[in-house]
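K.L.:
I'd like to ask some things about the structure below.
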């Protein structure tokens, strides 16, 4: 009788072929590993890194993937006042679509943003200019949004996702990447001693990326010996203020981006020493210097004037002249108190964006001059391309770290990013000189582009993705 009871006991104990004690042990072990293993770890919680985490977390195909976002700074309490931040981005239509796809755009529209309907760019030492206006395809050219508002909105959305965790005050100390062809996981060590493992490590840790340095890839970079001065400006009179203005000075471009009917955001690129001197001016002196930069008439060059005049005659003969009329830029009446700041400008590009178990996005992969307003848009484009490849990998039964899909991401983005950053770098150099032949060259080029609508549309097409 006892033996029958024993047999019955073990039948119940091992029903379905599983031992509950062993199962408890395995589950406890799994929980321990879960705290330290993530499918994807994103190093860097800036706008681009946080958006990547949010996009992955909201994709149904990736809903079973655990994601950890590492941000080196403490968690920030977002308090928005009427005062505008001095750091803004001109996000393009594709970036807006990305924000809509992750439910973030509604948070931005609830707060504030400004639509750009037209852009006017002109040369300070010639009559050459170009305008871009919204049309049927591009109802809006860009949207001016404060960087803090973008980050706060994405973070707000991110906190609703169950498969994404954020760790603040988490700085990467070291990471060990798997060898080519190896199935090993990536090891990440934080400065506080925490050790993590993941299938895929994404470097979104900026221009000085530790992840990129660990990859050991070649990084092309140089210093422009310029600083970008930013500030919030009050216009001399209220307007619709839907135009983004950019004037190329011999010392660097100066741009005004609309914030509302009365305020615009300044991005003024100039030599490092000059920038430091400008920052030391009183508010009144700063406004005077700024208006001079926007309005100063530079000595005309007869050769440049003659070349542009004759070239314009050729364009008229070919019926290629544009009907666009130059608008007068606004004057500035004051600068918002304590809104002035400056940051160094430079160029950077990683020859490779991926390696086994790792991928780079945003400034970790590429750094550009702000003259075209493309820096953060390139990063958001990386987010879209990388998540598309991760979805393809999982849909076809592969791991998120499968190198073939990572290489596709690299190829797609470099085809877009490399021409973009080279053109921006070329423009920075071309407009940073007063050598007459080069001034003639850039002036004729600007006239030609301005007069050929298909070329302008092609430029907008490229800049919008």
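Numbering (the UniProt record's numbering), first residue to last: 1 to 465. All C-beta atoms in this analysis are idealised placements derived from N, C-alpha and C, irrespective of residue type, glycine included.
(1) Are the CB atoms of residue 96 and residue 258 within a distance shorter than 8 Å?
(2) Cα separation between residue 376 and residue 285?
(3) Mind checking whether the beta-carbon of residue 307 lies closer than 7 Å to any heavy atom of the ligand COA?
(4) Considering only the alpha carbon of each residue, which of 343, 105 and 139 lies closest to residue 272?
(5) What ranges does the alpha helix (DSSP H) occupy inside the segment 252-292, keeping only unbroken runs of at least 4 residues that lie completely in it?
(6) Which word fits residue 240, buried or exposed, when buried means at least 16 other C-beta atoms lie within 10 angstroms of its C-beta?
(7) In the DSSP assignment, what residue or residues form a beta bridge with residue 99?
(8) Just to confirm, are residue 172 and residue 190 a CB contact at a threshold of 8 Å?
(9) Just how far apart, CA to CA, sit residue 35 and residue 142?
(10) Using the DSSP secondary-structure output, state which residues sit across from residue 355 in a beta bridge.
(11) If you pair each beta-carbon of the segment 143-155 with each one of the segment 67-87, do three or more pairs fall below 8 Å?
(12) Which two residues bound the contiguous alpha helix (DSSP H) that contains residue 148?
(13) Measuring alpha carbon to alpha carbon, tell me which of 371, 68 and 400 ends up nearest residue 256.
(14) Note the first and the last residue of the continuous alpha helix (DSSP H) segment covering residue 444.
(15) Which residues does DSSP list as the beta-bridge partners of residue 119?
(16) Just the C-alpha distance for residue 447 and residue 71, rounded to the nearest angstrom, thanks.
(17) Quick check on the burial criterion: 16 or more other C-beta atoms within 10 angstroms. Buried or exposed for residue 80?
(18) Could you compute how far the alpha carbon of residue 475 sits from the alpha carbon of residue 65?
(19) Please return the same chain residues whose Cβ sits closer than 6 Å to the Cβ of residue 104, not counting the five positions on each side in sequence.
(20) Please report the distance separating the alpha-carbon of residue 459 from that of residue 117.
(21) For residue 459, which three-state DSSP category applies?
(22) Given residue 333, which residues of its chain have a CB within under 6 Å of its CB, disregarding the five upstream and five downstream residues?
(23) Tell me which residues share the same chain as residue 165 and place their Cβ nearer than 6 Å to its Cβ, disregarding the 5 neighbours each side in the sequence.
P.N.:
On the basis of the supplied data:
(1) no
(2) 32 Å
(3) Annotation note on the ligand COA: not contained in the displayed structure, which lists no ligands.
(4) 343
(5) 272-279
(6) exposed
(7) Residue 99 is not bridged to any residue.
(8) yes
(9) Note that residue 35 has pLDDT 45, beneath the 50 cutoff, so the model's placement of it is unreliable and the number below is only indicative. Answer to the nearest angstrom: the Cα atoms are 41 Å apart.
(10) 358
(11) yes
(12) 147-158
(13) 371
(14) 436-451
(15) 132 and 244
(16) 46 Å
(17) exposed
(18) Shown here, the chain extends from 1 to 465; a query on residue 475 therefore has no answer.
(19) 153, 154 and 157
(20) 16 Å
(21) helix
(22) 234 and 236
(23) 68
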